[in-house]
Amino acid sequence: MGLLVNDAVVDSVGWGNASNDYVEGTPAPAPEAGKSIGRLPDGHDTDDNSNDFIEATATPRKPNCPL
């Protein structure tokens, strides 16, 4: 999944066994059923999905919260 600004990709994330252009560094973990991945801390970006995202309970429209 990628974030576009003025038709340019400014950030992206790939997870699980992804091997496409959206993976930055190493893919984030694949979440279990009923879970999600979230960026922690919010806004943290090292350009390596496995460092920037963790599996967590989804918190739509709220700040990411640790497990």
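First residue of the sequence shown? That's 0 in numbering that gives the first Met the number 0, and the numbers climb one at a time after it.
Beta carbons: idealized from backbone N, C-alpha and C, even for Gly.
Name the residue from N48, E54 and T58 whose alpha carbon lies nearest to the alpha carbon of A17.
N48
Going by DSSP, what residues sit across from A55 in a beta bridge?
S35
Is the CB-CB distance between V12 and F52 below 8 Å?
yes
Let me know if N63 comes out buried or exposed under the rule of 16 or more other beta-carbons within 10 Å of its beta-carbon.
buried
Beta-carbon separation (whole angstroms), G24 vs D6, contact threshold 8 Å:
That belief does not hold up - the Cβ atoms of G24 and D6 are roughly 24 Å apart, past 8 Å.
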